[in-house]
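Numbering (my numbering), first residue to last: 276 to 1042.
Notes for the one structure printed next.
Here it is, written out as structure tokens:
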């Protein structure tokens, strides 16, 4: 260390429980002025300072059991028995270096062993031995590979103290406000921290002050827009407009610091109690008795009652009453900000869940394209991607500067940082108001991760992000789009951002909702993904048919499918005839699916069905067509009519058909220069979409005798049992769990028409 110091000269070094102060004196003589010794009693502190003149003002008496982890040490020196603290990672994870005096002591041996284990876990680098000029003391040293800091938490330099720090803020005229518990300042109760809000512009200088020396007194430092490292759970501590009011209207307290006005003191503390703490504040709740009864770290009810009288509030001190009052005063956070806060607030989570289940139109969604998104394809590209997944677009445009400023403040809690991405996508720059007539339900994993989302189709924003980051260097990847989670948020976005035009935008949404043919005689809605069309079983001329109604932006798929049905329906035995068509819909007969095959069943498709299916594809090839989306999922077997194919949205007429069936697009896949539409997963082929469920190669299916085909299928199932058996087991378990007393499973109510015993599969894949 004498030749090449491990630590910078300004490194903050904190030694816990030094025996005599000699190590600290050596460090100071070596040029490490930012040294602080921490001992349990004032008497020991005084003795160390008396023995080592260069440690005057560098020894703190602190008996707090959490002192090892509640500090800002770059280098943590553990003396005496404190090396055992290495066993608890959170004690030392904030320090870049952990050091232990090299001596014969049980705690040192234990520390060496613990550090060896931590090295195996990847927590620390290999052990080093550090020495100092003109000193016999040596240290065992480990560098922390996983240093983590606690967000907004900082520490006031010991040499300054609370009074000196606040006085420096005043002398330098830093725009700040001490949010609460300021009545006893500069004294701070043991274990308490200081909550400080500052203007964004002050962060650099305030941070420099806090980094100027080792400290033990915690201060939570927040900027008014929630800059990285000065936020609360990746959100501004208060919405930026409210934080700005707190700073602008703060007044001086005892010529020591600035504090909120009486009204803002009450409002900001109520906000903190409700939205940051919830029931853990100890405030009573009138609606959710099952989550009440928590005991807070302060008597918030009594404190708020006293502050409320001074601020003019005389209502009940309950979570719900205060929430209503904050809303009246404009201090309730936006819906999406509350949704983020609710992840750690059970009362807020329950309250928002009740709203989500209300009558809001959850087909409505708002997507905000950020600045980087405009540079990588803009509104047109995002609009196209949204339409492809099934959204109808009511409005898509770039935001006016005033609208962009509002969106930046009210959405995402005002936090538009990079998050988990290498770079920030920038501020909101464009708005796309979309509507989904057929919202998709969330699966269990999605519900757990996004408790307030109601339409799984909005997760297409992940696809948009991937598309916009495609062919971009990894270090420039960013989040280019943000979306509302539900109808409540979407309406809030529209009203906040569009303001005077909000009614016009909502009217456009209404027109999109109404832009569909009236449907009468609907028996069942059997839409699956609904990406392109809505599928229903309806009555038509005293019989059941399947009606497929396309979204306005998907009518080219309608025309393609109708053309195919018109030319081949009823002529090729596996293609249903066209019953009727309209401007946005068509009808085909309803068939009873007695096969009911699912890829997830863990079974191979019956051999006879596989033969029929491949013969059907051959007939279509001989008619100069390819389905492009031919799949084991897009067929059924009717008891009377036999095998039927469906879903012809991607059907393609050959200009020049391949010379052999084996080279057709449905068997070999589409060529690289194919210019037609393709399914999201790309063109289907036999090897990709049929062989895993038939268990035979195409050559075997076309040419082998039945006995050899059965033998090969048995061998295929055996060699792929790891794939089939878990699915088969899941299906059996699901069947047992869902078993109910036998009853009529018809999708129709009792009626003179024929009862349907199975949900019609004919349309489950057609969307």
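Backbone N, C-alpha and C fix where the C-beta goes; we use that ideal spot for every residue, glycine too.
Bear in mind the structure is a predicted one, so any value in this text is a computation, not a measurement.
Inset, instruction - Kindly indicate which three-state DSSP category residue 648 falls into: helix, strand or coil? - result: helix
Inset, instruction - Please confirm whether residue 558 and residue 575 have their CB atoms less than 8 angstroms apart. - result: yes
Inset, instruction - Between the Cα of residue 897 and those of 506, 529, 939, spot the shortest distance and give me the residue it belongs to. - result: Closest by C-alpha distance to residue 897, out of 506, 529, 939, is 939.
Inset, instruction - Count the other CB atoms, across all protein chains shown, that sit within 10 Å of the CB of residue 929; report buried if there are 16 or more and exposed otherwise. - result: exposed
Inset, instruction - Give me the Cα-Cα distance between residue 962 and residue 703, rounded to the nearest whole angstrom. - result: 45 angstroms
Inset, instruction - Going by DSSP, name the residue or residues bridged to residue 498. - result: 473
Legend entry - residue 757 versus residue 528 - alpha carbon distance: 41 angstroms
Legend entry - Cβ pair residue 453, residue 475 closer than 8 angstroms: At a Cβ-Cβ threshold of 8 angstroms, residue 453 and residue 475 do not count as neighbours.
Legend entry - Collapsed DSSP secondary structure at residue 917 in the structure displayed: Residue state for residue 917 is assigned as strand, using DSSP reduced to three classes.
Inset, instruction - Give me whichever residues DSSP pairs with residue 290 in a beta bridge. - result: 312, 352
Inset, instruction - Could you tell me if the beta carbon of residue 345 falls within a distance shorter than 7 angstroms of some heavy atom in the ligand FMN? - result: In the structure shown, the ligand FMN is absent, as is every other ligand, since no ligand is present at all.
Legend entry - Buried versus exposed call for residue 526 [16 or more other C-beta atoms within 10 Å across all chains shown]: exposed
Inset, instruction - Would you kindly check if the distance between the Cβ of residue 352 and the Cβ of residue 374 is under 8 angstroms? - result: yes
Inset, instruction - Kindly confirm or deny that the stretch 973-984 and the stretch 835-847 touch, where touching means at least three C-beta pairs closer than 8 angstroms. - result: Taking 8 angstroms as the limit for Cβ pairs, the verdict is that the stretch 835-847 does not touch the stretch 973-984.
Inset, instruction - Return the first residue and the last residue of the alpha helix (DSSP H) that residue 861 is part of. - result: Per DSSP, residue 861 belongs to no alpha helix (DSSP H); it is in the beta strand (DSSP E), 860-864.
Inset, instruction - Give the straight-line distance between the Cα atoms of residue 447 and residue 508, rounded to the nearest whole angstrom. - result: 29 angstroms
Inset, instruction - Report the rounded CA-to-CA distance for residue 776 versus residue 436, giving the unit in angstroms. - result: 53 angstroms
Inset, instruction - Helix, strand or coil for residue 328, going by three-state DSSP, please let me know. - result: The answer is helix: DSSP assigns residue 328 an H, G or I state.
Inset, instruction - Look at the alpha carbon of residue 808 and the alpha carbon of residue 395, and state the distance between them as a whole number of angstroms. - result: Between residue 808 and residue 395, the C-alpha separation is close to 55 angstroms.
Legend entry - DSSP state of residue 908 mapped onto helix, strand, coil: helix
Inset, instruction - Compute the Euclidean distance between the alpha carbons of residue 792 and residue 671, then round it to the nearest angstrom. - result: Below a pLDDT of 50, predicted positions are generally treated as unreliable, and residue 792, at 46, falls in that range; the measurement from the model is reported next regardless. Looking at the two C-alpha atoms, the distance is approximately 24 angstroms.
Inset, instruction - Sort out for me which residues DSSP pairs residue 414 with in a bridge. - result: 376, 405
Legend entry - Helix, strand or coil at residue 507 [DSSP, three-state]: Three-state result, residue 507: strand.
Inset, instruction - Please list, in chain order, all residues of the same chain as residue 1004 whose beta carbon is under 7 angstroms from its beta carbon, the five residues on each side excluded. - result: none
Legend entry - Backbone secondary structure at residue 726 - three-state DSSP: In the three-state reduction of the DSSP assignment, residue 726 falls in the coil class.
Legend entry - Beta-carbon contacts of residue 780 that lie in its chain and below 8 angstroms, excluding the five residues immediately before and after: 669, 670, 708, 769, 773
Legend entry - residue 973, enclosing beta strand (DSSP E) - first and last residue: Per DSSP, residue 973 belongs to no beta strand (DSSP E); it is in the alpha helix (DSSP H), 973-978.
Legend entry - Cβ neighbours of residue 432 in the same chain (closer than 6 angstroms, five flanking residues each side left out): 487, 488, 490
Inset, instruction - Have a look at residue 348 and residue 364 and give me their C-alpha separation to the nearest angstrom. - result: 15 angstroms
Inset, instruction - Quick one: using the 10 Å Cβ neighbour count with 16 as the cut-off for buried, is residue 829 buried or exposed? - result: Under this definition residue 829 is a buried residue.
Inset, instruction - Following the continuous alpha helix (DSSP H) through residue 446, name the residue where it begins and the one where it ends. - result: For residue 446, the enclosing alpha helix (DSSP H) starts and ends at 436-446.
Inset, instruction - Could you tell me which residues DSSP puts in a beta bridge with residue 809? - result: 824
Inset, instruction - Mark residue 941 as exposed unless 16 or more other C-beta atoms lie within 10 angstroms of its C-beta, in which case mark it buried. - result: buried
Inset, instruction - May I have the straight-line CA-CA distance separating residue 500 from residue 741, to the nearest angstrom? - result: 28 angstroms
Legend entry - Residues that DSSP places opposite residue 667 in a beta bridge: 710
Inset, instruction - Let me know the secondary structure DSSP gives residue 1044 once reduced to three states. - result: Coverage of the chain is limited to positions 276 through 1042, which leaves residue 1044 absent and any answer about it impossible.
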